[in-house]
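Numbering (full-length UniProt numbering), first residue to last: 1 to 100.
Using N, Cα and C, we set each Cβ at its ideal position, and we do this for glycine too.
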């Protein structure tokens, strides 16, 4: 159960960095010509995305996820806010494991 909580935290951070990049840094760059936030926000998002992939590999095995759920979890990380849309799946599995 702790591993899924850790994965959810990493996924949350990945989602927040995506939002910051797309809704703060990029509009400032392309709307106002202010690009100072692109590099740090982009780096933070890149690190968070790699951490998300690593967390998938470490936290999800042995938790009863199907291949389709693994694929869904990966694919949702490719789209802005996708990790937030995938969180209910992870939360349900976390709840199931805590009851078992």
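Spatially closest choice to residue i from the options, by CA coordinates
i          : options            : result
residue 61 : 49, 46 and 94      : 94
residue 14 : 77, 99, 90 and 97  : 77
residue 85 : 51, 97 and 72      : 72
residue 11 : 56, 20 and 70      : 56
residue 83 : 100, 98, 49 and 66 : 49
residue 3  : 52, 80 and 75      : 52
residue 63 : 39, 96 and 80      : 96
residue 18 : 5, 38 and 59       : 38
residue 90 : 30, 35 and 65      : 65
residue 9  : 32, 54, 29 and 28  : 54
residue 21 : 46, 33 and 5       : 46
residue 87 : 69, 100, 99 and 98 : 69
residue 44 : 16, 98 and 32      : 16
Residue i - containing alpha helix (DSSP H), residue span
i          : result
residue 34 : No alpha helix (DSSP H) contains residue 34, which DSSP labels as neither H nor E.
Cβ-Cβ separation, residue j to residue i (assumed contact under 8 Å), whole Å
i          : j          : result
residue 41 : residue 24 : 7 Å
Item to check | Sequence ranges, alpha helix (DSSP H) only - wholly within the UniProt domain "DUF3817" (4-88), length at least 4 | outcome: 26-32, 38-59 and 67-76
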